[in-house]
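J.: Residues in the sequence shown are numbered from 11 upward in steps of one, following the working numbering.
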Amino acid sequence: MSDVTIPFERVRAWFFDLDGTLMDTDDQSVASLARRLRFLGAARAPRLARRMVMASETPMNAAATLLDALHLDSLAFALEERSQHADRGYDFELIEGVKPLLLHLAGRYSLAIVSTRSPAAAEAFLVQYGLTELFPVVVTRQTTRRLKPHPAPVLYAAQALGLAPADCVMVGDTTVDVRSARRAGAWAVGVLCGFGEERELWRAGAHLVLPSTADLLALVESSDR
């Protein structure tokens, strides 16, 4: 747990990851895996699928970081993008309570997406839920040479908005989001509605960990008074 409290009254911008933060990729992944494990029984398959998805978060992040360092991430992402789009196109699920939060923030703060999704996927998600105009800055895996947990994506978003990183909060569900924010000098909020686990997020340096992205609304409304 962090000994430092985020000074919400000084925050001028909020950055959001996509998968597991704004879009409910976690539950979609669990459902997909549970279907493959259905031979284990209707009760056991979903429980085991969720444990497997949660356990894979750290190895997946480590693999993405290694690919980035070896400059092989572009090839891997291109293959993944082609496979996903060919199979089913884009169809996203918004995490419950997120849209009211974003509408509240948009009238008071600058907003940015900071994600390792492709530009096409990020745009499709924003269009699907009518969020495009809320985000003047969208950072994807093609925006900066280095990916999270490198600070480059967070630094880019802050610079694009004309702000210092210390005026910005990065919200994400994994350790790479937290580490990217901390290395950039921004504030880091971890959320448990995605792939990360609470202990890992605190260990990575989160200043705050919440059950869901939607829980930010009460905190922000409180600081607005």
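No residue lacks a Cβ here, since even glycine has one placed at the ideal position from N, Cα and C.
#1: Would you call M11 buried or exposed, if buried means 16 or more other Cβ atoms sit within 10 Å of its Cβ?
#2: Less than 8 Å between the C-beta atoms of R151 and T126, yes or no?
#3: For L111, which residues in the same chain have their Cβ closer than 8 Å to its Cβ, ignoring the five residues on either side in sequence?
#4: Measuring CA to CA, which of T185, R22, A23, L50 is closest to G30?
#5: Taking the beta strand (DSSP E) that L211 falls in, what are its first and last residues?
#6: Under 6 Å Cβ to Cβ from L220, same chain only, skipping five residues before and after it: list those, please.
#7: Which same chain residues, not among the five before or five after P161, have their C-beta less than 7 Å away from its C-beta?
#8: By the 10 Å Cβ neighbour count, where 16 or more other Cβ atoms means buried, how is V137 classified, buried or exposed?
#9: In terms of alpha-carbon separation, which member of D101, D187, L32, A176 lies closest to C203?
#10: What runs of the alpha helix (DSSP H), each 4 residues or longer, lie entirely inside the stretch 104-148?
#11: Would I105 and L28 qualify as a contact pair, given that the criterion is a beta-carbon distance under 8 Å?
#12: Could you tell me the distance, in whole angstroms, from the CA atom of V148 to the CA atom of H114?
#13: Where does the unbroken alpha helix (DSSP H) through V230 begin, and where does it stop?
T.: According to the structure data:
#1: The residue labelled residue 11 in the question sits at position 1 within the sequence shown. By the 10 Å Cβ count, M11 comes out exposed.
#2: For the purposes of this step, residue 151 is identified with residue 141 of the sequence shown, where counting begins at 1. For the purposes of this step, residue 126 is identified with residue 116 of the sequence shown, where counting begins at 1. Yes, the pair counts as a contact, with Cβ atoms nearer than the cut-off.
#3: Within the sequence shown, numbered from 1, the residue matching residue 111 stands at position 101. For L111, where only same-chain residues beyond five positions count, the Cβ hits under 8 Å are T223, A224, L226, L227, V230.
#4: Looking up residue 30 in the sequence shown gives position 20. Of T185, R22, A23, L50, the residue nearest in Cα terms is T185.
#5: Here residue 211 is taken as the residue at index 201 of the sequence shown, counted from 1. Counting along the chain, no beta strand (DSSP E) covers L211; the unbroken alpha helix (DSSP H) around it starts and ends at 208-214.
#6: Here residue 220 refers to the residue found at position 210 of the sequence shown. For L220, where only same-chain residues beyond five positions count, the Cβ hits under 6 Å are V201.
#7: Counting from one through the sequence shown, the residue named residue 161 turns up at place 151. Excluding residues within five positions, the ones whose Cβ falls inside 7 Å are S190, R193, A194.
#8: On the sequence shown, position 127 is the one that residue 137 refers to. V137 comes out exposed.
#9: If you number the sequence shown from 1, residue 203 lands on position 193. The candidate whose alpha carbon is nearest that of C203 is L32.
#10: Listed in chain order, the complete alpha helix (DSSP H) runs (minimum 4 residues) inside the stretch 104-148 are 108-116, 129-138.
#11: One-based indexing of the sequence shown puts residue 105 at position 95. One-based indexing of the sequence shown puts residue 28 at position 18. No, these two residues do not count as a Cβ contact at 8 Å.
#12: One-based indexing of the sequence shown puts residue 148 at position 138. One-based indexing of the sequence shown puts residue 114 at position 104. Straight-line Cα distance between these residues: approximately 19 Å.
#13: To locate residue 230, count along the sequence shown from 1; it is residue 220. First-last of the alpha helix (DSSP H) with V230: 226-234.
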